[in-house]
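Participant: Position one of the sequence shown corresponds to residue 662 (the numbering used here), numbered consecutively onward.
Before I ask anything, let me first share the structure, which is written out below as structure tokens.
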Amino acid sequence: MRLSKSRFVAGVQCLKRLYLQVYRPDLAAEPDEGAVAIMEQGQLVGIEAQKAFPGGVLVDASHDHLGVAIAITRQLVANPDVPAIFEATFEADNVLVRVDVLKRDETNSFQILEVKSSTTLKNEYRYDIGIQKQVVTHSGLKVSSACLMHLNREYVYAGGNYDRSMLFRILELTPENAIDEGESESRAREQLRVLAAPEPPDVKAGPQCTDPVRCEFFDQCNEPVPQYHVSTLPRIGTKKLDKLAAMNVEFIHAVADDFPLSGQQLIVRDAVRTGQLWVNPNLAAELNELKYPVCFMDFETVYPALPRFAGMRPYDHIPFQWSVHRMESPGAELQHFEFLANDNSDPRIPFIESLLTALQGAGTIVVYNQSFEKTRLQEIADFMPKYASVIGGFLSCVWDLLPFIRRNVYHPAFGGSYSLKAVLPALVPEMTYEGMAVAEGEAAGIAFMKMLDPSTLDDDRASLREALLRYCGQDTLATVRILELLVRLVH
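Structure representation (structure tokens):
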């Protein structure tokens, strides 16, 4: 049995995850579209990183021919004219690693560079880099340094080719922030012992199921949470959950009256007990704060690792779509306005110009979780100062429906969540996201990028556009219907 660096890092997270990866990969959940998009983005960053090392040579051998990759790597290491090797492949102590970039130093020692699309050093990267250093060193090479090569969030793209000396930062792992060889070796030996066992290790579900990533075998170790389980009480901590478990209290309705709960948790418990919608007596007074015309607004964005347009940084948001439902006065006919970019040009100017027109004269701008929309508007104002004053005026009109819901209503069907996807079907059951081709923000970004892909067929492009418009429009119409229901509750 042999470890790879990805298996090694999986084993650091959970030994059972490692075992199942090797022996029961059929039990793993299929990666969703979001996970696939992240992997594809990482591959693009890796290709861009290779361009920072002119003359570097790629060890182009598949995972089915690792022996060939090791042999090619030996030849390239022995050739002093090769300044860098990409996917250099080594094996030692039953551990095999492929190094993103192996850079030759003037002294014929080598620098290990692990390329990541993140902007910071994460703890799991230390193990990734540590096992590479161990294997490369045990393969007979002198390693001068082991580094993380990551994206620089402060780099501002000027257009044209990337300035890779600024796009990337190289962080050397020092003894203070590195995993020492002793720990790497002991963990590798432990993992190989686990893999030699006839059964997977007995590991109880815990924080490692989702940290640093959600395990692909999560469902094998975690039973679905029953409806009204005490763990769905809003913001309940582990101490309270442990106390309830010790008291054999599993469901919310059974939580004793004298058990210490927060105000929000008390509301949830009482609503679950009665099975009825809880309404704050102050609801009517808060609704009186609305000023007409009322606009209901929602955005969609993508945030690519590699900046697409001049003036942008890695992971800057590109707003590509908005929806606005508008009501001029109480009971007036509802109007709908929308925008969706349809080509690969920078959408920010047409986005903001069309949005400002739709919002003109608004007294209240209703959003769900205002931090997202407010931040995106402020980013546009910073990038295009000529719109800053008008945007600033609209920002003062933004009214957040999320905390309003949290303060004023609770339905048992919320299941402890105040997300729009939980609140809408509980309060407005005739509206649903079920069956929609695009039903959440991450999927919207993926659909938009597919829509712009030149290889996408025209019929598929039209279907994607229709799905995006329907989804974003559904988000704003949902806030309209929820607010209409709340108004009816007080009249």
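Just so it is clear, CB atoms sit at the ideal spot from N, CA and C, and this is done for glycine as well.
Just so you know, these numbers come straight off a predicted model, no measurement behind them.
Based on the DSSP secondary-structure assignment, which residues constitute the bridge partners of residue 987?
Facilitator: Your numbering for residue 987 matches position 326 in the sequence shown. Looking at the DSSP assignment, residue 987 forms a beta bridge with 956, 996.
Participant: Between which two residues does the alpha helix (DSSP H) carrying residue 1127 extend?
Facilitator: Taking the sequence shown and counting its residues from 1, the one referred to as residue 1127 is at position 466. Membership of residue 1127 in the alpha helix (DSSP H) is indicated by the continuous run 1119-1150.
Participant: Going by C-alpha to C-alpha distance, which of 710, 717, 750, 706 sits closest to residue 723?
Facilitator: Start at 1 with the first residue of the sequence shown, and residue 723 comes out as number 62. Considering only alpha carbons, the answer is 750.
Participant: Using only the alpha-carbon positions, how far apart do residue 902 and residue 893 sit?
Facilitator: Start at 1 with the first residue of the sequence shown, and residue 902 comes out as number 241. Start at 1 with the first residue of the sequence shown, and residue 893 comes out as number 232. Between residue 902 and residue 893, the C-alpha separation is close to 10 Å.
Participant: Locate the beta strand (DSSP E) running through residue 772, then write down its first and last residues.
Facilitator: By one-based count along the sequence shown, residue 772 stands at place 111. First-last of the beta strand (DSSP E) with residue 772: 771-777.
Participant: Out of 740, 769, 809, 1099, point me to the one whose CA is closest to residue 760's CA.
Facilitator: Along the sequence shown, one-based indexing puts residue 760 at 99. Ranking 740, 769, 809, 1099 by Cα distance to residue 760 puts 809 first.
Participant: Between which two residues does the alpha helix (DSSP H) containing residue 1095 stretch?
Facilitator: Locating residue 1095 in the sequence shown gives position 434, counting from the first residue. For residue 1095, no alpha helix (DSSP H) segment is defined, and its DSSP state is neither H nor E.
Participant: Three-state secondary structure (DSSP) at residue 885?
Facilitator: Taking the sequence shown and counting its residues from 1, one reaches residue 885 at position 224. Correct three-state label for residue 885: coil.
Participant: Beta-carbon separation of residue 986 and residue 1141 under 8 Å?
Facilitator: Taking the first residue of the sequence shown as position 1, residue 986 is located at position 325. Taking the first residue of the sequence shown as position 1, residue 1141 is located at position 480. Yes.
Participant: Per DSSP, residue 758 forms a beta bridge with which residues?
Facilitator: Residue 758 sits at position 97 when you count from the first residue of the sequence shown. Per DSSP, 751.
Participant: Whole angstroms is fine: what's the gap from residue 957's alpha carbon to residue 1035's?
Facilitator: As a position in the sequence shown, residue 957 is number 296, starting the count at 1. As a position in the sequence shown, residue 1035 is number 374, starting the count at 1. Answer to the nearest angstrom: the Cα atoms are 14 Å apart.
Participant: Is it right to say residue 819 is buried, meaning 16 or more other beta carbons lie within 10 angstroms of its own, or is it exposed?
Facilitator: In the sequence shown, the residue the question calls residue 819 occupies position 158. Residue 819 should be labelled exposed.
Participant: Could you tell me the boundaries of the alpha helix (DSSP H) in which residue 1025 lies?
Facilitator: As a first step, residue 1025 is located in the sequence shown; it is residue number 364 there, counting from the start. Segment 1025-1028 is the beta strand (DSSP E) holding residue 1025; no alpha helix (DSSP H) there.
Participant: Over the uninterrupted beta strand (DSSP E) stretch that includes residue 800, give me the two end residues.
Facilitator: As a working note, residue 800 is residue 139 in the sequence shown. Element bounds for residue 800: n/a, residue is neither H nor E.
Participant: DSSP has residue 808 in a bridge; who is on the other side?
Facilitator: In the sequence shown, the residue the question calls residue 808 occupies position 147. Note: residue 808 sits in a beta bridge opposite 774, 833.
Participant: Using the C-alpha atoms, what's the distance from residue 943 back to residue 992?
Facilitator: In the sequence shown, the residue the question calls residue 992 occupies position 331. In the sequence shown, the residue the question calls residue 943 occupies position 282. Taking the straight line joining both Cα atoms gives about 22 Å.
Participant: Comparing C-alpha positions only, which one of 923, 908, 921, 934 sits nearest to residue 914?
Facilitator: Numbered from 1 along the sequence shown, position 253 holds the residue referred to as residue 914. Among 923, 908, 921, 934, the Cα nearest to that of residue 914 is on 934.
Participant: Taking all protein chains shown into account, do 16 or more other C-beta atoms lie within 10 angstroms of the C-beta of residue 1057, making it buried, or fewer, making it exposed?
Facilitator: One-based indexing of the sequence shown puts residue 1057 at position 396. Per the 10 Å Cβ criterion, exposed.
Participant: Going by CA-CA distance only, name the one from 716, 757, 843 that's closest to residue 728.
Facilitator: Here residue 728 is taken as the residue at index 67 of the sequence shown, counted from 1. Of the listed residues, the one whose Cα sits closest to residue 728 is 757.
Participant: Helix or strand or just coil, what does DSSP make of residue 1006?
Facilitator: For this step, residue 1006 is matched to residue 345 along the sequence shown. If DSSP states are grouped into helix, strand and coil, residue 1006 belongs with coil.
Participant: In the DSSP assignment, what are the bridge partners of residue 980?
Facilitator: Taking the first residue of the sequence shown as 1, we reach residue 980 at position 319. According to DSSP, which records beta bridges pairwise, residue 980 is partnered with 962.
Participant: Check each candidate in 1026, 971, 928 and name the one with the smallest Cα separation from residue 824.
Facilitator: Numbered from its first residue, the sequence shown carries residue 824 at position 163. Per the Cα distances, 971.
Participant: Reducing DSSP to helix, strand and coil, say where residue 1043 ends up.
Facilitator: Within the sequence shown, numbered from 1, the residue matching residue 1043 stands at position 382. DSSP places residue 1043 in the helix class (H, G or I) of the three-state scheme.
Participant: If you compare alpha carbons, which of 950, 1082, 1073, 946 is closest to residue 1030?
Facilitator: Locating residue 1030 in the sequence shown gives position 369, where the first residue counts as 1. Comparing Cα-Cα distances from residue 1030 to each of 950, 1082, 1073, 946, the minimum goes to 1082.
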